[in-house]
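Worksheet for the structure shown next.
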Amino acid sequence: MEVNANFTENAKNDYQLVLKAREGNQKAYADLMHRYKDSIYFMSLKMVNNKEDAMDITVETFAKAFEKLDKYQPDFAFSTWLFRVATNNCIDFLRKRKLNTVSINNMMDEEDDRPLQIKADEPNPEETSIKKQQSQELKLLIESLPPRYRNLLTLRYFDELSYEEISTQLDLPLGTVKAQLFRAKYLLGNIINRLDRG
1 MEVNANFTEN
11 AKNDYQLVLK
21 AREGNQKAYA
31 DLMHRYKDSI
41 YFMSLKMVNN
51 KEDAMDITVE
61 TFAKAFEKLD
71 KYQPDFAFST
81 WLFRVATNNC
91 IDFLRKRKLN
101 TVSINNMMDE
111 EDDRPLQIKA
121 DEPNPEETSI
131 KKQQSQELKL
141 LIESLPPRYR
151 NLLTLRYFDE
161 LSYEEISTQL
171 DLPLGTVKAQ
181 LFRAKYLLGN
191 IINRLDRG
C-alpha cells in the first residue's frame, strides 16, 4: 500500500509501526500508545472536562483504534486518524453522559461570564427501559470475568466510585487500580466483540 508522499518522518515511522502491529507485534502497539497517549488524554480532557472520564476515553480510543487498525489507510497520518477516533469517542460520551447540565468546551455566557450550561434532555420511558435492559445484559457479561476484574468494573461503573475511592476500598495502589481496570475493560470488550460477530 502506497504511503502519502507528503508524510513527515514521524508519520512514516507511525505507519511502519501500524504494519507491525497488524501482524500482532506487541511492542509496536506499545510504541504507538506511548507516542500518543498523553496527547489523546489532554485533548479528551479539554472536551469532557473531567480527568477520570478523559482517562477512560483515552483507554477506549486505543482499544477501538487497535481493533480497527486494518481499516486505517495511509492517505493521511495515523495520528490524524487516531485523533478522529478520540474526538468521536468524546462526542459519544457527551451525548450519553447523565447530568442535569453539560458544560461544552467552557463556552462563556456573554452576560455574566459563567460557563454556558446546556440542559440535558430528560429520558423518555422507552429510553429508560432500554437502558435498564442494556445495564442488566452488561452485568451478565461482567459476571463472566475473573472475580477481581468483575469487582473493579462493578465498583467503577455501577457503584460509580472514583479511582481513588476504589483504591481506598480495596487497599490497592492507585496505579494498580487503573491498570487492572484497563485490563478488565479490554477483556469485556473482547467478549462483546465476539458476541457482536455472532
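For the sequence shown, position 135 matches number 135 in UniProt numbering, and the numbering has no gaps at all. We put the CB at the ideal spot given by N, CA and C, even for glycine.
As assigned by DSSP and simplified to three states, the class of residue i
| i | result |
| --- | --- |
| residue 7 | coil |
| residue 17 | helix |
| residue 65 | helix |
| residue 87 | helix |
| residue 72 | coil |
| residue 167 | helix |
| residue 23 | coil |
| residue 172 | coil |
N-terminal and C-terminal residue of the alpha helix (DSSP H) that residue i is part of
| i | result |
| --- | --- |
| residue 45 | 26 to 48 |
| residue 147 | 147 to 153 |
| residue 161 | Here residue 161 belongs to no alpha helix (DSSP H), and DSSP marks it neither H nor E. |
| residue 76 | That residue, residue 76, is in no alpha helix (DSSP H); it is neither H nor E in DSSP. |
Whole-angstrom C-beta distance between residue j and residue i, which should lie under 8 Å
| i | j | result |
| --- | --- | --- |
| residue 78 | residue 15 | 6 Å |
| residue 148 | residue 142 | About 12 Å separates the two Cβ atoms, so there is no contact after all. |
| residue 90 | residue 162 | Wrong, their Cβ atoms sit about 20 Å apart, outside the cutoff. |
| residue 184 | residue 152 | 5 Å |
| residue 200 | residue 40 | Nothing about residue 200 can be read from this structure; the chain reaches only from 1 to 198. |
| residue 155 | residue 169 | 7 Å |
| residue 164 | residue 174 | 7 Å |
| residue 82 | residue 65 | 5 Å |
| residue 145 | residue 187 | 6 Å |
| residue 28 | residue 21 | 4 Å |
Any non-hydrogen atom of the ligand SAM closer than 6 Å to residue i Cβ
| i | result |
| --- | --- |
| residue 54 | In the structure shown, the ligand SAM is absent, as is every other ligand, since no ligand is present at all. |
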